[in-house]
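K.L.:
Quick one: structure below, then a few questions.
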Amino acid sequence: MSKASLTFLGAAGAVTGSRHLLRVGGRSILVDCGLFQGLKGLRLKNWDAFPVDPATIDDVVLTHAHLDHSGYLPKLVREGFRGRVFSTTATADLCELMLLDSAKIQEGDAAFANRHGFSKHHPALPLYGKRDALRALEHFQALDFDAPSDLGHGANLVFRRAGHILGAACVQLRWGGKTIVFSGDLGRYNDPLMHDPAAMTQADYLVVESTYGDRLHTPVAPADALLEVIQRTTARGGTVIIPAFAVGRAQELLYLFWRLKQAGRLPLTPVYLDSPMAINASDIFRRHPLDHRLSPDECKAAMGSATYVRDVEESKALTYNTMPKIIISASGMATGGRVLHHLKAYGPDRRNTILFAGYQAAGTRGEALLNGAREVKIHGEWIPIRAEVDSLPALSAHADADEIMRWLHGFERAPRRTFIVHGEPSASGALRQRIQAELGWACDTPAEGDSWVLS
């Protein structure tokens, strides 16, 4: 039997940069290929040479399309990766959208920095560009859920539904006589849009996420909480700015606004979706009816519940529109994109509200604002924030600690070892203690660079 090893190249001791390298014999598969996001020290890792020679990696397997799981692919290809990239069909469609958008934003940010001279680098360069993203997309091979696929060199792959976002999967790899399961990012049970995470019953080794491993989601109806913020803000003549992940969160918000309008609870306040990527992701959502709970008619109505803002000039015009309104715009952690221009315009006014609708990684503007920052640096300029800052934790697409444990209880026997990743140290540590106490499993919280022999 061939020697197998598992090396953690990212999302170990942190939430982002998901990269797990599985080796059997002389072959290797990289599960996820994500960007590091958040703290500057993490973001700088994206500029480092990859820890192993990309040319030696045979295949990449993606759990889902979020950039902290897929966004490094263009750079990996540029550095020499020549293998295949396996994903679900919806993930492949979303990655085409997200990788090209990521390249565009990085090229745009570099050009902006060069025009205004606020970068320490002369000239400022993007991490990768459109050409790199297009080359990466040529490597994709899309697979169906629950369909075993022979990858060659003795490896067998099955994608199981993870919930979370469209196309998100748990990865089951049978290789070298062992079954290794990667949870990816687990979604919520009874989510209004996404299917429940699929039950997994067997694994010799398990890699599980822990984003919310130390906390529970508030048992509040998201629509009611959302409406309360809107009513409070519009009553004082303000606008609600919602930084939202273009894939997943934006579509859930559109669904909630549709339900509120249907019920006559949001009759007059206009809603704008100001994110070309979120608009395109909503179109992709409609093209994959089996990957979510909505009927085609419900999906069409829900995705059409906002005014789409595609044009840059139309987006700029929103900043001069003084009427109360709701603007959904990417990015979800306020790290880039059009939402930064809205924060600059609306953040200094006390009448307005900045409403975060998802997890905010350490070191992001979103995390700083939720922790009480009264000014943030945007495009080299310090912007005072006098607007109300609030959050909707009930809208999270991540399973909380109880839901992670519910998924783990589906295994019929204990894995030989469980590795807890994709969480801040406090969250991973808390989940480790809970798994050991409730299930009695052997657990580890690996550090970046740790490697384990899978005996």
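Take -17 as the starting number for the sequence shown in our numbering and just add one per residue.
Ideal Cβ positions, reconstructed from N, Cα and C, are used throughout, including at glycine.
#1: Give the straight-line distance between the Cα atoms of VAL294 and PRO258, rounded to the nearest whole angstrom.
#2: Where does HIS270 fall in DSSP's three states?
#3: With a threshold of 6 Å on Cβ separation, who are the neighbours of LYS(-15) within its own chain once the five nearest residues in sequence on each side are excluded?
#4: Would a C-beta distance cut-off of 7 Å place LEU235 and ALA226 closer than the cut-off?
#5: Buried or exposed for ARG247, please, with buried defined as at least 16 other CB atoms from any protein chain shown within 10 angstroms of its CB.
#6: DSSP on CYS281, reduced to helix/strand/coil?
#7: Starting from HIS2, follow its DSSP beta bridges and name the residues at the other end.
#8: Keeping to the same chain, check which residues put their C-beta closer than 6 Å to that of ARG218; ignore five residues upstream and five downstream.
#9: If we count the other Cβ atoms within 10 Å of its Cβ and call it buried at 16 or more, is GLN19 buried or exposed?
#10: Do the segment 379 to 398 and the segment 188 to 196 make contact, defined as three or more Cβ pairs closer than 8 Å?
#11: Would TRP157 and VAL6 qualify as a contact pair, given that the criterion is a beta-carbon distance under 7 Å?
#12: Using CA coordinates, which residue listed in ASN353, ALA343, ALA396, PRO249 is at the minimum distance from PRO407?
#13: Specify, as a first and last residue, the run of the beta strand (DSSP E) that ASP41 falls within.
#14: Given a threshold of 16 other Cβ atoms within 10 Å of its Cβ, counted over all protein chains shown, does LYS160 qualify as buried or as exposed?
#15: Just confirm the distance between the C-beta atoms of LEU76 and LEU436, as a whole number of angstroms; I'd bet it's less than 8 Å.
#16: Any idea if MET80 is buried or exposed, counting beta-carbon neighbours within 10 angstroms, 16 or more meaning buried?
#17: Report buried or exposed for LEU175, applying the criterion of at least 16 other Cβ atoms within 10 angstroms of its Cβ.
#18: Let me confirm a value: MET182 is counted as buried when at least 16 other C-beta atoms fall within 10 Å, else exposed. Which label applies?
#19: Take PRO278 and list the residues in its own chain whose beta-carbon comes closer than 7 Å to its own, dropping the five residues that flank it on each side.
#20: Between which two residues does the beta strand (DSSP E) holding ARG143 run?
#21: Which residue marks the beginning of the alpha helix (DSSP H) containing MET208, and which one marks its end?
#22: Taking only three categories from DSSP, how would you classify VAL(-3)?
#23: Under the rule that 16 or more other beta-carbon atoms within 10 Å means buried, what is GLY90, buried or exposed?
#24: DSSP has VAL459 in a bridge; who is on the other side?
#25: Is THR335 helix, strand or coil by DSSP?
#26: Less than 7 Å between the beta carbons of LEU119 and SER131, yes or no?
#27: Which runs of the alpha helix (DSSP H), 4 residues or longer, sit entirely within the segment 20 to 65?
#28: Confirm, please, whether the CB-CB distance from ILE147 to HIS46 is below 7 Å.
#29: Figure out for me which residue from ALA124, ALA150, ILE360 has the closest Cα to the Cα of HIS48.
#30: Between which two residues does the beta strand (DSSP E) holding GLN154 run?
#31: Within 10 angstroms of its Cβ, does TYR302 collect 16 or more other Cβ (buried), or is it exposed?
#32: Can you tell me the Cα-Cα spacing of LEU82 and THR215, whole angstroms?
#33: Just reading off the beta strand (DSSP E) that THR161 is part of, what are its end residues?
#34: Report the start-end ranges of each alpha helix (DSSP H) in the segment 337 to 375 that is 4 residues or longer and not cut off at the edges.
#35: Would you check if there are 3 or more beta carbon pairs closer than 8 Å linking the segment 362 to 376 to the segment 316 to 336?
#36: Roughly how many whole angstroms lie between the Cα atoms of LEU325 and LEU209?
P.N.:
The structure says:
#1: 10 Å
#2: coil
#3: none
#4: yes
#5: exposed
#6: helix
#7: PHE(-10), VAL13
#8: ARG333
#9: buried
#10: yes
#11: yes
#12: ALA343
#13: 41 to 43
#14: buried
#15: About 31 Å separates the two Cβ atoms, so there is no contact after all.
#16: buried
#17: buried
#18: buried
#19: PRO271
#20: 137 to 143
#21: Looking at the sequence shown, residue 208 is not Met but Leu. Here the alpha helix (DSSP H) through LEU208 covers 204 to 217.
#22: coil
#23: exposed
#24: A query on residue 459 cannot be resolved here, the shown segment of the chain reaching from -17 to 437 and no further.
#25: strand
#26: no
#27: 22 to 25, 49 to 52, 55 to 60
#28: yes
#29: ALA150
#30: 151 to 157
#31: exposed
#32: 35 Å
#33: 160 to 164
#34: 347 to 352
#35: yes
#36: 21 Å
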